[in-house]
Amino acid sequence: DAKTTQPNSMESNEEEPVHLPCNHSTISGTDYIHWYRQLPSQGPEYVIHGLTSNVNNRMASLAIAEDRKSSTLILHRATLRDAAVYYCILRDRQGAQKLVFGQGTRLTINP
Amino acid sequence: DTAVSQTPKYLVTQMGNDKSIKCEQNLGHDTMYWYKQDSKKFLKIMFSYNNKELIINETVPNRFSPKSPDKAHLNLHINSLELGDSAVYFCASSRLLGGSGKLFFGSGTQLSVL
Numbered sequence: 259d260a261k262t263t264q265p266n267s268m269e270s271n272e273e274e275p276v277h278l279p280c281n282h283s284t285i286s287g288t289d290y291i292h293w294y295r296q297l298p299s300q301g302p303e304y305v306i307h308g309l310t311s312n313v314n315n316r317m318a319s320l321a322i323a324e325d326r327k328s329s330t331l332i333l334h335r336a337t338l339r340d341a342a343v344y345y346c347i348l349r350d351r352q353g354a355q356k357l358v359f360g361q362g363t364r365l366t367i368n369p
Numbered sequence: 029d030t031a032v033s034q035t036p037k038y039l040v041t042q043m044g045n046d047k048s049i050k051c052e053q054n055l056g057h058d059t060m061y062w063y064k065q066d067s068k069k070f071l072k073i074m075f076s077y078n079n080k081e082l083i084i085n086e087t088v089p090n091r092f093s094p095k096s097p098d099k100a101h102l103n104l105h106i107n108s109l110e111l112g113d114s115a116v117y118f119c120a121s122s123r124l125l126g127g128s129g130k131l132f133f134g135s136g137t138q139l140s141v142l
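Chains as they are written, first to last, in the numbering used here: chain A, 259 to 369; chain B, 29 to 142.
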């Protein structure tokens with residue numbers, strides 16, 4: 259499975275934008291980039307995914323580098339409820355692929 | 029309505045016992061999974077079923093046996109429980125096996141083996 263690398267932790271302030279980076283230098287052409295987050299004492303929750311183009315949804319934006327070797331999850335205005343562990347995961351387009359979780363980035367939001 | 033529901037939420041038991049965790053999804057998905065999250069918070073896939081057929085079987089002791097009576101259910105039975113089995117177990121489902129398929133997770137079952 260292609261691997262991703264994320265910072266162990268990040269900190270930001272409430273109502274400010276947050277940029278969570280992810281490196282995936284061994285990404286293949288058929289890998290989708292997925293982001294999930296896990297709030298305390300809850301199961302992981304889907305945030306966003308993309309293949310080549312930048313993506314926006316009501317939760318976040320995903321900016322994908324032109325060479326696809328890195329991506330950034332953007333929370334436009336962080337709230338205290340966004341404090342969670344954020345996972346960047348690669349998932350192949352075809353076949354029975356495992357969703358392999360790394361250690362993720364623990365995001366702390368300061369009031 | 030909860031999309032992916034697991035029962036029980038907490039399970040405390042003695043070593044050597046046999047226990048089951050149930051999972052049901054009402055999303056109409058074809059694929060279901062079991063994940064284990066250990067004390068270090070790493071999430072590891074254990075099993076994946078697609079249309080009741082076992083697709084992924086990671087290196088899991090054969091004391092763990094998943095059972096899928098239908099597409100909406102994937103139960104996990106654990107025989108001869110050991111201390112190291114203590115963890116949070118998450119069930120998940122997705123419409124697609126790979127690619128853009130989003131996983132929907134249950135809220136987890138915290139298993140404590142004493």
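Backbone N, C-alpha and C define an ideal beta-carbon position, used for all residues, glycine too.
Item: Helix, strand or coil, according to DSSP, for residue 308/A in the structure here?; Value: strand
Item: Classify residue 349/A as helix, strand or coil using the three-state DSSP reduction.; Value: strand
Item: For residue 227/B, decide whether its Cβ has a neighbour in chain A, counting only Cβ atoms nearer than 8 angstroms.; Value: It is not possible to answer for residue 227/B, since the shown part of chain B is limited to 29 through 142.
Item: Just to confirm my understanding: we take residue 129/B, look at its own chain, exclude 5 residues before and 5 after, and list those with CB closer than 8 angstroms. What are they?; Value: 59, 122 and 123
Item: Go through its chain and collect everything with a Cβ distance to residue 308/A's Cβ below 8 angstroms, but skip five positions before and after it.; Value: 290, 291, 320, 322 and 329
Item: Looking at chain B, is there any beta carbon in it that lies within less than 8 angstroms of the beta carbon of residue 298/A?; Value: no
Item: Buried or exposed for residue 64/B, going by 16 or more other Cβ atoms inside 10 Å?; Value: buried
Item: Is the beta carbon of residue 115/B less than 8 angstroms from the beta carbon of residue 32/B?; Value: no
Item: May I ask you to report which of helix, strand or coil DSSP gives residue 55/B?; Value: coil
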